[in-house]
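Residue numbers (UniProt numbering): 1 to 225.
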């Protein structure tokens, strides 16, 4: 796997490069800001880019860079790193790209195994969300009514959707909830139907739309989700 790194904190960037090397990952480029990284990878595209959310050229330069990269290279994996559980940034990232993206806390990817797993999943097209960020959404109290579709979900369907929001595959959800994969697939089909997601859309698009609906409900403070 080939990865490019952008972070304006030189000490963290150098440490991340060392960690990537220890994980057997080739660092194809490294930069202090999004503009520099964009120029570097134009003629040498990596598999995944790792971006600090708060870096030049803007206060949230990582997100603006991610938006440019996704528009120019739709299949490029993008991993956003942050020191903080910033749920609005997560929502913005998911709107920018719904496949092959990740949002992780810097402290959580400080070991080789976690970093390897995160990059592998993103390169494969998965969505990897920091569980702590999802938990922060879960802790918010109700501010306005839940959408009718979300309110119709059973407790088991809510469990399935919560694990979908954490970026787990159907097999991963089945393992955590001690269900078989076919049962998980039935729950997901029911979730799609209750949320009004048309069968004409791809399963991946419907999955992302369901996760966004869940996260928005959590951000609005919906209870019992």
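Each residue gets a CB set at the ideal place from its N, CA and C atoms; glycine is no exception.
If you draw a straight line from the Cα of residue 36 to the Cα of residue 109, it comes to about 24 Å. The beta carbons of residue 55 and residue 7 sit about 6 Å from each other, so the pair counts as a contact at 8 Å. Per DSSP, reduced to three states, the secondary structure at residue 125 is coil, with no helix or strand assignment. For residue 69, the enclosing alpha helix (DSSP H) covers residues 61-72. By the criterion of at least three beta-carbon pairs nearer than 8 Å, the stretch 113-120 is not in contact with the stretch 173-188. Distance from residue 66 to residue 51 at the Cβ level is roughly 6 Å; contact confirmed, criterion being Cβ atoms closer than 8 Å.
The alpha carbon of residue 82 has as its nearest neighbour, out of 70, 45 and 59, the alpha carbon of 59. Around residue 208, the same chain offers 98 as residues with beta carbons nearer than 6 Å, after the five sequence neighbours per side are excluded. Taking C-beta atoms as the reference points, residue 85 and residue 133 count as a pair closer than 7 Å. In this structure, residue 3 lies away from residue 16, with their beta-carbon atoms at least 7 Å apart. Here residue 48 carries a strand assignment [DSSP, helix/strand/coil].
Residue 62 sits away from residue 122, with the two beta carbons spaced by 7 Å or more. Leaving aside the five residues that flank residue 23 on each side, the residues in its chain whose CB is nearer than 6 Å to its CB run, in chain order, 112, 115 and 116. DSSP lists 50 and 102 as the beta-bridge partner residues of residue 79. The Cβ atoms of residue 194 and residue 153 lie closer than 7 Å to each other. Shown here, residue 4 sits in a strand according to DSSP, grouped into three states. If you draw a 10 Å sphere on the C-beta of residue 187, you find 16 or more other C-beta atoms in it, and that means buried.
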